[in-house]
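To start, the structure under review is shown below, and the notes come after it.
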Amino acid sequence: MKQIAWIGTGVMGSQQAGHLAKAGYQVKAYTHKYEKLLELQKEFGLIPCKSTAEAVEGADVIFVMVGYPHDVEEVFLQEGGILQHAKPGALAIDMTTSSPSLAVRLYEEGKKKGIRVMDAPVSGGDSGARNGTLSIMVGGDEADFKEALPLFECMGKNIVHMGGPGYGQHTKAANQIAVAGATAAYTEALVYAEKVGLDPNKLLEAIGAGAAGSWQLSNMAPRVLKGDLAPGFFVKHFIKDMKIIKEESEKKGVELDMLNAVLSMYEKMSEMGLDNEGTQALIRYYQDK
Numbered sequence: 024m025k026q027i028a029w030i031g032t033g034v035m036g037s038q039q040a041g042h043l044a045k046a047g048y049q050v051k052a053y054t055h056k057y058e059k060l061l062e063l064q065k066e067f068g069l070i071p072c073k074s075t076a077e078a079v080e081g082a083d084v085i086f087v088m089v090g091y092p093h094d095v096e097e098v099f100l101q102e103g104g105i106l107q108h109a110k111p112g113a114l115a116i117d118m119t120t121s122s123p124s125l126a127v128r129l130y131e132e133g134k135k136k137g138i139r140v141m142d143a144p145v146s147g148g149d150s151g152a153r154n155g156t157l158s159i160m161v162g163g164d165e166a167d168f169k170e171a172l173p174l175f176e177c178m179g180k181n182i183v184h185m186g187g188p189g190y191g192q193h194t195k196a197a198n199q200i201a202v203a204g205a206t207a208a209y210t211e212a213l214v215y216a217e218k219v220g221l222d223p224n225k226l227l228e229a230i231g232a233g234a235a236g237s238w239q240l241s242n243m244a245p246r247v248l249k250g251d252l253a254p255g256f257f258v259k260h261f262i263k264d265m266k267i268i269k270e271e272s273e274k275k276g277v278e279l280d281m282l283n284a285v286l287s288m289y290e291k292m293s294e295m296g297l298d299n300e301g302t303q304a305l306i307r308y309y310q311d312k
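Okay, structure coming up:
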């Protein structure tokens, strides 16, 4: 059975790595907080490591799920990183939502070292990670995708090979554009409902099964009504994603008016100190206007 390394055990990564361990794989894990690894050792049987190098040594497959593109660069490229310590022939899969151009760079740098690199960002939030129902969008070589598919199937249900390196990240960008619109849409619907005196729970019942229905409306709007702003996906990470998309779209000469408007709202939320709330905290932007 393949030996697995997992780098990054946050809200999403801890659950994903846990699914692999529960499927019978030996999973060596590293994150900056060693105490967190000890908790995950008890919960899932992950093997705690004190460095990236220790985790990836001898691993057949290496997964990365960190926060920002600069974290991905550090994990892969810096002294003590994956490309320095992974064995030749290893498969390194970045599941962070990151830059398509960085994904291509890592793929090319990996080839020089004999390490196969793929980009495989996910969608589905904390509940998808916990339940093993994530959507996984994969970029890289088809043979590598086929090899990794049984591992992806431990974490997700909708797994699609989108094309060569960077195409997983481009697909996630399109996903986040759609999420931005859906999040703003259900939030404004709730704000309008409150102002005109509608029962918001009945509103969701009335419109959720019709043309206005969406995953965001069904899953996140009820959290808003309960006052649950806990992060399934952090505001700060959504801002990061939208900035990546804005940069990529500008390179292609594409103006994304809706995304830019939603990004502006979230940047104001960041100024309000809401970076560590969930994306559904957009309601606070309207409440505090």
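Note that the sequence shown ends on residue 312 in this note's numbering; no numbers are left out. Just so you know, even glycine gets a beta-carbon here, dropped at the ideal spot from N, CA and C.
Quick check: residue i and residue j, are their CB atoms within less than 8 Å of each other?
i    : j    : result
T210 : I306 : yes
T119 : V89  : yes
L106 : D117 : no
L125 : V95  : yes
G179 : V145 : yes
A244 : G301 : no
G69  : A28  : Sequence inspection shows Leu at residue 69; the Gly mentioned does not correspond to that position. No.
P188 : V98  : no
Y91  : K263 : yes
F257 : N299 : yes
Of the residues the options, which one's Cα is nearest the Cα of residue i?
i    : options                   : result
I353 : F257, P254, L282 and A253 : Residue 353 is absent from the model: the chain starts at 24 and stops at 312.
A152 : Q26, S37, S287 and L286   : S37
S74  : K59, K263 and T54         : T54
L279 : A196, A143, H42 and L157  : A196
G133 : A115, L61 and I182        : A115
K312 : G301, F256, M295 and S150 : M295
H42  : I182, F175 and D222       : F175
K110 : A229, V84 and E131        : V84
K136 : K275, G220, H108 and Q26  : H108
Give the range of the alpha helix (DSSP H) segment to which residue i is assigned.
i    : result
N224 : P223 to I230
F256 : That residue, F256, is in no alpha helix (DSSP H); it is neither H nor E in DSSP.
V277 : It is not in any alpha helix (DSSP H) - V277 carries neither H nor E in the DSSP assignment.
D311 : Unbroken run through D311: none, as it is neither H nor E.
A76  : T75 to V79
L69  : No alpha helix (DSSP H) holds L69; DSSP gives it neither H nor E.
L92  : According to the sequence as given, residue 92 is Pro; it is not Leu. Looking at the DSSP string, the run of the alpha helix (DSSP H) that includes P92 is P92 to L100.
V219 : Y190 to V219
Q107 : I105 to H108
Q239 : W238 to N242
Go to residue i, then tell me how far its beta strand (DSSP E) extends in each direction, as first and last residue.
i    : result
S158 : L157 to G162
V140 : R139 to D142
Can you check DSSP and say which residues form a bridge with residue i?
i    : result
D298 : Looking at the DSSP assignment, D298 forms no beta bridge with any residue, so it has no partner.
H184 : V161
Q26  : Q49
F86  : W29 and I116
V247 : V247 pairs with nothing; no bridge assigned.
P123 : None, per the DSSP bridge assignment.
S146 : S158
G179 : L157
Would you mind sorting residue i into buried or exposed? The rule is 16 or more other CB atoms within 10 Å of its CB.
i    : result
D142 : buried
L213 : buried
K51  : buried
H184 : buried
T156 : exposed
Y289 : buried
P123 : buried
V285 : buried
Using a threshold of 7 Å, is the CB atom of residue i nearer than that to any non-hydrogen atom of the ligand MG?
i    : result
L282 : Ligands displayed in this structure: none; no statement on the ligand MG is therefore possible.
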